[in-house]
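Structure first, then comments.
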Amino acid sequence: MSKITTELLLERAVPRSTRLRKIETLNLSKLQLKTGDLDPRLFSRLRHLQKLDLSDNLLDKFPNSLTLPDLRVLNCNNNKLEDVTALKQFPLLEELTYENNVYLTLNDDYKVMFLLQNLRLLNGKDITKLANHVRRVNSRKLTSKVTAHWEKFFRDQLPEKYTPEQVKSIRKKFLKSVQTNVVYGPSSLSEFTRWRVKMIAEEFLAYSLGLELNSDTEPEEKMDENEEESTESPREAAEDVAQVVHIYDPLVTVTPSKRKRNHSKSSPGNKRSKSQANTEEEAAEDVSAEPLHFLQCHSKGNSREDFKTQLWSCVFEPVLDSGARKDPIVSSSRTVATCGGESVCLIDCETGTVLKKYKVATEEFFSVAWTTLTMEISDSRKKAHNILAAAGRRGIVKLIHVAADFCYGEIKAHKKPIATVCFSPTQETHLFTASYDKRIALWDIGIPDCDYNFKASQLLVLETASIPLRIALVPTCPEEYLLAGCEDGCFAWNIKLDKGQKSRPFEAIFQFPDEENMTTSHRVDGLAFLNDDVVVSKSSKPGCIYLWSWSRSFDAKGKGCQRTMSAVILAELEWSTTDMSYLTLSTCPARGYVFCGDEKGSVWMYNLSSYTTAWGSGKGKRSERRIAPTQILQWPELRVNGEQPPEILVNNVVADPAFTYLVVLTSVNITAIWKKS
1 MSKITTELLL
11 ERAVPRSTRL
21 RKIETLNLSK
31 LQLKTGDLDP
41 RLFSRLRHLQ
51 KLDLSDNLLD
61 KFPNSLTLPD
71 LRVLNCNNNK
81 LEDVTALKQF
91 PLLEELTYEN
101 NVYLTLNDDY
111 KVMFLLQNLR
121 LLNGKDITKL
131 ANHVRRVNSR
141 KLTSKVTAHW
151 EKFFRDQLPE
161 KYTPEQVKSI
171 RKKFLKSVQT
181 NVVYGPSSLS
191 EFTRWRVKMI
201 AEEFLAYSLG
211 LELNSDTEPE
221 EKMDENEEES
231 TESPREAAED
241 VAQVVHIYDP
251 LVTVTPSKRK
261 RNHSKSSPGN
271 KRSKSQANTE
281 EEAAEDVSAE
291 PLHFLQCHSK
301 GNSREDFKTQ
311 LWSCVFEPVL
321 DSGARKDPIV
331 SSSRTVATCG
341 GESVCLIDCE
351 TGTVLKKYKV
361 ATEEFFSVAW
371 TTLTMEISDS
381 RKKAHNILAA
391 AGRRGIVKLI
401 HVAADFCYGE
411 IKAHKKPIAT
421 VCFSPTQETH
431 LFTASYDKRI
441 ALWDIGIPDC
451 DYNFKASQLL
461 VLETASIPLR
471 IALVPTCPEE
481 YLLAGCEDGC
491 FAWNIKLDKG
501 QKSRPFEAIF
511 QFPDEENMTT
521 SHRVDGLAFL
531 NDDVVVSKSS
541 KPGCIYLWSW
551 SRSFDAKGKG
561 CQRTMSAVIL
571 AELEWSTTDM
581 SYLTLSTCPA
591 RGYVFCGDEK
601 GSVWMYNLSS
611 YTTAWGSGKG
621 KRSERRIAPT
631 QILQWPELRV
641 NGEQPPEILV
651 NNVVADPAFT
661 YLVVLTSVNI
671 TAIWKKS
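Using the UniProt record's numbering, you'd call the opening residue of the sequence shown number 1 and step up by one each time.
Structure below.
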């Protein structure tokens, strides 16, 4: 039931009134109002309302048909507004305030200046001169650029006699291209520019080709500040990609050197058979890898001198139509997505070619994840496409249709940075986002239609006790349980959607050894499953990587939330003695490998395939000694323009499912690609 009634409106009128049609000033502040509470049928009776105060509520948008024909002053301070275009329904508006709406930006200011021709004051400032410039000069310049773009790239593509299908096709291509390539003004206003360009282009097509004008002012293809899609722009983006620095050869002299392999020794309590020992020896020999490429493709401003940009996340692209969910060995291509700084890159690991590059000037990307969506392309035909999600400091998830070279949308997921994201392996549209706001959210990103319209919705919020750094879905029940490594421990949640509770506390926190005692309080900055049951987690405790059993540690039958459970440790890996945090680990389940970089640029590799069988049977005892790495790949003697890069930290290292390539992300803006020889 709506919070707003006729009686409430009469009571909150200033002064109080006996008739809705007599109300001229109305104060609806501090009522916890949501968008659904603004009933258009009730508001349509406020025919003479001139001043409306909706401050300090929970509004995320305005309904499109409030019908307040005489509204002159509107206060929307301290809400959760995400969009301002619905304000065009108040054409007589003269004064507007919407301060402390965290999702609104300078681009929204310019939108309302254009939409509201009578607006004089915005957030208490006189914007008359600026608004006139936006409405006249800005529009004139953009109209000229849109027309020129049509004449240069599209006019000759349309035959003298054209069919409706040809018009529809050229319209779609033109709208997409013109929003990408027409640039005007500062990059901080690029979202507004694209919004206006689309509007102008629609009007141009309606006039030139007699098409029906789309009255919806919302951008069909929404991108953000300075996003550059490398293969989309005719000239500018092509030049941008050409400046990517490939620093392996000839600019760099590389002298690879390796340490002698250390093979793990069997503990007295867990003797290995001869065949097991041979298997491990063969696997160790098979792990030999050589450096293939060293790339500097995330540089700010494409500067060759940038050795400060941190690289954080990389994921191999799934292969389409490969039965990827059934066979992990054939579920990945040689294309990897990497992120760091203001950009996301797609790299061919074999050739070292940067295939595509996406940039958002005001962003710092921390995480990327792939999913495959079956999308409608035309005439009700459907096709599978890979979609890349990228997120970072701004708390916004970018959704990129890679084959189309197009960032088609965004989700304003959190008000604080997003540390990591991952898709469900069973529900292709389900995306988890873990944020510095101490929440993990589950989103349904929806499936875009042929015009890239989509609808995202939040399904679940998991409350964490500290900042979540890494998340992993339990392989045997990915729709039931999620595990997270956080700043202050390792936690588990029940994520079944058939439970009524949308916001949930953690169900369990795990204890780990700490000298002589067990503790729950430690930073877990590395977390992954080695197989269906074995969890690999890295602690902030120096040199500490544990392998432990999920099924033997988590008591699913226990009742109540926030229970403390002791992790059943299977083994501990020998690793660097550094206490430096956020050097994360990864696994290659199909090959039984664990990878973790260190503070010296080296990659520690562990072949654990000979251990997993014993662990899986439940008979394997905890190894008495730490398991030594099968091999350590040392950072080569790398020189750029005759000089060595500064101290190199390996932030992340990931192998493709078949373990053909190994991608190493560093703290000095260098992506290293190794290939198993």
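The beta carbon of each residue, even a glycine, is placed where N, CA and C say it ideally should be.
field: Strand pairing of S343, partner residues [DSSP]
entry: G340, K359
- prompt: Is the beta carbon of K455 less than 8 Å from the beta carbon of Y103?
  reply: no
message: Could you tell me the alpha carbon to alpha carbon distance between A492 and N669, rounded to whole angstroms?
response: 34 Å
query: Do H293 and G352 have their C-beta atoms within less than 8 Å of each other?
result: Going by C-beta atoms, H293 is nearer than 8 Å to G352.
message: Counting C-beta neighbours from all protein chains within 10 Å, is the total for V182 16 or more, i.e. buried, or is it exposed?
response: buried
query: Which residues does DSSP pair with W674 in a beta bridge?
result: Paired residue(s): P291, L662.
query: For R135, which residues of its own chain have a beta-carbon under 8 Å away from its beta-carbon, when the five flanking residues on both sides are left out?
result: M113, F114, Q117
query: If residue 753 sits next to A441, beta carbons under 8 Å apart, how far is it from one beta carbon to the other, in whole angstroms?
result: Nothing can be reported for residue 753, as the shown portion of the chain is limited to 1 through 677.
message: Let me make sure I understand the geometry here. Which of P417, L26, K61, H298 has the alpha-carbon closest to that of R47?
response: Distance from the Cα of R47 is smallest, within the candidate group P417, L26, K61, H298, for L26.
query: Tell me the DSSP bridge mates of K125?
result: L122
- prompt: Hey, quick one: how far does the alpha helix (DSSP H) through W195 stretch, first residue to last?
  reply: Counted as a single uninterrupted DSSP element, the alpha helix (DSSP H) harbouring W195 occupies residues 190-209.
- prompt: Whose C-beta lies closer than 6 Å to the C-beta of A484 among residues of the same chain, with five residues either side of it excluded?
  reply: P468, I471, F491
- prompt: For the candidate residues D437, D405, V474, whose alpha-carbon lies nearest to that of F423?
  reply: V474
- prompt: Beta carbon of I400: closer than 7 Å to some heavy atom of the ligand SAH?
  reply: Because no ligand of any kind appears in the structure shown, any question about the ligand SAH cannot be addressed here.
- request: Could you name the residues that DSSP lists as bridge partners for G409?
  value: L399
field: Cα-Cα separation between S267 and P636, rounded to whole angstroms
entry: Model confidence at S267 stands at a pLDDT of 34, short of 50, so the residue's coordinates are unreliable; what they give is reported in the following sentence. Rounded to whole angstroms, S267 to P636 spans 33 Å at the Cα level.
field: Collapsed DSSP secondary structure at G500 in the structure displayed
entry: coil
- prompt: On the three-state DSSP scale, how would you describe R563?
  reply: strand
field: Presumed contact (8 Å Cβ cut-off) between D70 and L92, rounded CB distance
entry: 6 Å
- prompt: When burial is assigned at 16 or more other CB atoms within 10 Å of the CB, is V137 buried or exposed?
  reply: Classification for V137: exposed.
- prompt: Over what stretch of residues does the alpha helix (DSSP H) that includes P40 continue unbroken?
  reply: Element bounds for P40: 40-43.
- prompt: DSSP state of E160, grouped into three classes?
  reply: coil
Classification of D533 by the beta-carbon crowding that lies within 10 angstroms, buried from 16 upward: buried
- prompt: Helix, strand or coil: which one does DSSP assign to G485?
  reply: strand
message: Given a cut-off of 8 Å on the beta-carbon distance, is the pair L38 and R12 in contact?
response: no
message: Measuring only the C-alpha atoms, how far is N77 from I4?
response: 19 Å
task: Please classify K541: does DSSP put it in a helix, a strand, or coil?
output: coil
- prompt: Alpha carbon to alpha carbon, how far is E280 from K541?
  reply: At E280, the pLDDT of 38 sits below 50, so the modelled position is not reliable; the number obtained from the coordinates is stated separately. Going from the Cα of E280 to the Cα of K541 covers about 29 Å.
task: Kindly indicate which residue of L462, L130, E350, E24 has the alpha-carbon position closest to the one of V663.
output: For the residues L462, L130, E350, E24, the minimum Cα distance to V663 belongs to E350.
task: State the Cα-Cα distance for the pair S119 and Q32, rounded to the nearest angstrom.
output: Looking at the sequence itself, residue 119 is Leu, so the reference to Ser does not match. Cα-Cα distance, rounded: 27 Å.
- request: Return helix, strand or coil for R16, following the three-state DSSP convention.
  value: Note: R16 maps to coil in three-state DSSP.
field: Where the beta strand (DSSP E) through V654 begins and ends
entry: 650-655
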